[in-house]
Each structure stands twice: as structure tokens, then as C-alpha cells.
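Colleague:
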Amino acid sequence: MPVCTKKCGKNATLRRPKTGDTLCKECFFEAFENEIHFTITRAKLFKPGSAVAIGASGGKDSTVLAYVLKLLNEKYQYGLKLVLLSIDEGITGYRDDSLKTVEQNKNDYKMPLKVLSYKDLYGWTMDEIVKQIGRKNNCTFCGVFRRQALDRGAAHLKVDYLVTGHNADDIAETVLMNILRGDLARLKRCTSIITDNGDGIPRVKPLKYTYEKEIVMYAYFRKLIYFSTECVFAPNAYRGHARTLLKDLEKIDPSVIMNIIQSGIFTSNVLMYIIS
């Protein structure tokens with residue numbers, strides 16, 4: 022059994038996918054949490070006393086995000102007022118089950134929870150939409166509706182920020198998708214750690230530099246409860262192809278995730294320079 026590279030004297034429990042360091046659980050927790058704290062403070066993501074809505078799906082990303090934000094908020098006295106915001110798309114066998122996990126998060130982390138449904142907002146559910154249009158492009162439609170629903174929910178709650186659990190893998194996948202589609206104009210938005218839809222409520226991605234594998238490891242060793250079933254419509258999504266490509270590249274070189282993100286940022290900056 023290798024010794025923890027942080028020289029704490031304990032045996033290592035895991036190897037970090039991002040750095041290759043062999044760490045004990047406690048040192049991994051510290052490194053994981055400190056990186057997110059550094060991301061938040063370096064980018065000055067929040068102002069003290071702000072109200073923050075956490076986009077909560079019950080999945081690993083939003084569950085870990087809620088847990089870590091609560092922990093860091095208390096540890097470093099950010100002064101944030103945290104609330105969970107969930108969207109019920111009306112997908113039977115998926116969202117109805119995941120919302121039970123969100124309720125568990127609400128109780129475990131002692132945060133207020135607001136749930137908005139497509140049915141209430143738009144008058145129909147995703148199940149009803151798919152019956153009408155079929156499974157082709159339904160993830161694209163759902164993504165648009167979900168983003169709008171989160172914006173409306175954040176406005177209803179009168180929060181100052183909306184945070185989402187987009188991690189480094191998600192962002193790298195989106196960069197690949199935009200490049201493969203030839204849609205370079207979207208690179209700036211997808212790689213930005215904070216964006217504004219024009220409604221005055223910025224969207225923030227505190228997990229921008231956090232690897233998906235490490236989020237899973239953190240949730241596992243922290244014994245966090247999360248919903249892990251994939252959406253029944255997800256296998257038809259274009260993103261799945263980008264995800265497969267990214268995972269294959271990651272096997273060769275784990276740093277490819279950050280390299281793709283940095284390439285997306287660089288390309289976006291070059292385009293902005295040319296346009297200006």
C-alpha cells in the first residue's frame with residue numbers, strides 16, 4: 022500500500038485522476054475542497070451576503086456542489102444564503118425518482134427547496150413532447166426549456182446568482198461539440214465560468230476545473246446520496262458521441278480535459294480579437 026504523497030503518514034486510499042497523486046481520504050477531501058474554494062475566490066464568483074440558487078437535479082454533480090458550497094460557506098464565511106432549485110421536466114421513471122434524492126439533499130443540508138415543473142411553466146411535460154415529435158432532437162429542446170425554467174426559477178426566488186454543477190468534463194464535451202458542429206461562436210459562453218443571460222442573474226460554474234471522476238470519488242468517500250440513473254432520452258443525444266470521444270482521449274492522457282478547455286478559451290479569445 023503506497024503512502025499518501027501529502028506526507029501525512031497515512032496509507033493512500035486512492036489515486037487522483039487529475040494529478041496522479043496517491044492520497045488518503047482526508048487529504049483528498051482537503052485537496053478537492055481547496056481547489057473549489059480557490060476557483061471561487063480567484064474568480065470572485067460571489068459577493069458576501071448574496072442569495073444563491075443551486076440548480077439541483079439529485080445527480081452527483083449538483084449533490085456534491087450543494088454539499089461543498091455549504092461546507093465552504095461555513096468554513097470560510099462567504100456569507101451566502103443557499104437555496105436548492107429543481108426543475109421537473111415530467112420524465113416518468115427518471116425525474117420523478119431523482120426529485121426524491123433532491124428532497125433528501127434538502128433535509129441533509131438543511132436548505133430551502135423550490136421545485137418548478139414544465140407542466141406548470143409551459144403546460145406540457147417532456148413525455149408529452151416526445152410523444153409528439155419523437156426522440157430525435159428532444160434533448161436539444163429539453164435543454165432550452167430547462168435553461169429557461171432555471172432562469173425563471175432564479176428570478177422567482179429573487180437570488181443574486183444561479184450556480185450549476187457543470188464540471189470540467191461537461192465543458193470539454195461542449196467545446197468538442199461546438200467544434201464538431203463548426204459553431205465556434207459558442208465557445209466563449211461554454212468556457213466562461215460566469216455568464217449573464219441578460220436578466221441580471223449570473224450563472225456560475227464553481228466546478229469548472231473539477232474532473233467528473235473526482236466528483237464521483239468524493240461523493241463515494243463522503244457517502245453522499247445521489248441519483249445515478251441516466252435520463253431515458255439521453256442515449257439519443259449528440260453529446261453522447263462527444264463524451265465517448267473525450268473518454269477515449271482521457272485514457273491516453275488525463276490532462277486532455279483541461280487542454281480542450283484551455284484550447285476553447287484560446288480559440289474564443291482569438292475570434293473576439295479578430296472580430297474587434
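Heads up: the sequence shown begins at 22 in the numbering used here, then just goes up one per residue.
In this text, a Cβ means the ideal position worked out from N, Cα and C, and glycines have one as well.
1) If you draw a straight line from the C-alpha of cysteine 25 to the C-alpha of lysine 31, how long is it?
2) Please report the residue range of the beta strand (DSSP E) in which arginine 167 lies.
3) Determine contact between the stretch 250-263 and the stretch 100-114, defined as no fewer than three beta-carbon pairs at a distance below 8 Å.
4) Looking at C-alpha atoms only, which residue of Met238, Asn158 and Gln283 is the closest neighbour of isoleucine 214?
5) Would you kindly work out how many angstroms separate the C-alpha atoms of lysine 121 and phenylalanine 242, rounded to a whole number?
6) Give every residue of the same chain whose Cβ lies closer than 7 Å to the Cβ of leucine 86, excluding the five residues on either side of it in the sequence, and list them in chain order.
7) May I ask you to report which of helix, strand or coil DSSP gives arginine 210?
8) Below 8 Å on the Cβ atoms is my contact criterion, and I expect alanine 176 with leucine 106 to pass it. Report the Cβ-Cβ distance as a whole number of Å.
9) Just how far apart, CA to CA, sit serine 289 and alanine 189?
10) Would the stretch 132-147 count as touching the stretch 160-172 if we require 3 or more Cβ pairs under 8 Å?
11) Ignoring anything shorter than 3 residues, give me the beta strand (DSSP E) runs that lie fully in the stretch 63-95, in order along the chain.
12) Quick check on valine 136: does DSSP put it in helix, strand or coil?
13) Helix, strand or coil for asparagine 188, going by three-state DSSP, please let me know.
14) Give the single residue among Glu56, Asp269, Glu124 and Thr84 whose Cα lies nearest to the Cα of leucine 134.
15) Rounded to whole angstroms, what's the CA-CA distance from glycine 285 to leucine 208? Just pull it up for me.
16) If you drop the 5 nearest sequence neighbours on each side, which residues of the same chain put their C-beta closer than 6 Å to that of aspartate 181?
17) So isoleucine 222 is in the beta strand (DSSP E); what residue range does that whole segment cover?
18) Shortest alpha-carbon distance to isoleucine 296 belongs to which of Gln98, Gly261, Met238 and Ala206?
19) Drop a sphere of 10 angstroms on the beta-carbon of serine 276, count the other beta-carbons inside from all chains shown, and report buried for 16 or more, exposed for fewer.
20) Which runs of the alpha helix (DSSP H), 4 residues or longer, sit entirely within the stretch 242-294?
Modeller: In brief:
1) What you label residue 25 is simply residue 4 of the sequence shown in a count that begins at 1. What you label residue 31 is simply residue 10 of the sequence shown in a count that begins at 1. Computed Cα separation, rounded: 6 Å.
2) For the purposes of this step, residue 167 is identified with residue 146 of the sequence shown, where counting begins at 1. Note, arginine 167: premise wrong, no beta strand (DSSP E); alpha helix (DSSP H) at 159-178.
3) yes
4) By one-based count along the sequence shown, residue 214 stands at place 193. When only C-alpha atoms are compared, the closest one is Gln283.
5) Counting from 1 along the sequence shown, the entry for residue 121 is found at position 100. Counting from 1 along the sequence shown, the entry for residue 242 is found at position 221. C-alpha separation (whole angstroms): 22 Å.
6) For the purposes of this step, residue 86 is identified with residue 65 of the sequence shown, where counting begins at 1. Excluding residues within five positions, the ones whose Cβ falls inside 7 Å are Ile75, Val184, Gly186, Pro227 and Leu228.
7) As a first step, residue 210 must be located in the sequence shown, where it is residue number 189. Here arginine 210 sits in helix by DSSP.
8) Here residue 176 refers to the residue found at position 155 when the sequence shown is read from its first residue. Here residue 106 refers to the residue found at position 85 when the sequence shown is read from its first residue. Contact doesn't hold; Cβ gap of about 11 Å is too wide.
9) Working through the sequence shown from its first residue, we reach residue 289 at position 268. Working through the sequence shown from its first residue, we reach residue 189 at position 168. A direct Cα-to-Cα measurement between serine 289 and alanine 189 gives close to 17 Å.
10) yes
11) Note on the stretch 63-95: whole beta strand (DSSP E) runs with a minimum of 3 residues are 72-76, in chain order.
12) As a position in the sequence shown, residue 136 is number 115, starting the count at 1. In this structure, valine 136 counts as strand in the three-state DSSP scheme.
13) Here residue 188 refers to the residue found at position 167 of the sequence shown. If DSSP states are grouped into helix, strand and coil, asparagine 188 belongs with coil.
14) For the purposes of this step, residue 134 is identified with residue 113 of the sequence shown, where counting begins at 1. It is Glu124.
15) Counted from its first residue, the sequence shown places residue 285 at position 264. Counted from its first residue, the sequence shown places residue 208 at position 187. Glycine 285 and leucine 208: Cα-Cα distance of roughly 6 Å.
16) Numbered from its first residue, the sequence shown carries residue 181 at position 160. Around aspartate 181: Ser71 and Ala72.
17) Counted from its first residue, the sequence shown places residue 222 at position 201. Isoleucine 222 -> no beta strand (DSSP E), and no H or E assigned at all.
18) Within the sequence shown, residue 296 is the residue found at index 275, counting from 1. The shortest C-alpha separation from isoleucine 296 is found at Ala206.
19) The residue you call residue 276 lines up with position 255 of the sequence shown. Its Cβ having fewer than 16 others within 10 Å, serine 276 is exposed.
20) 260-273
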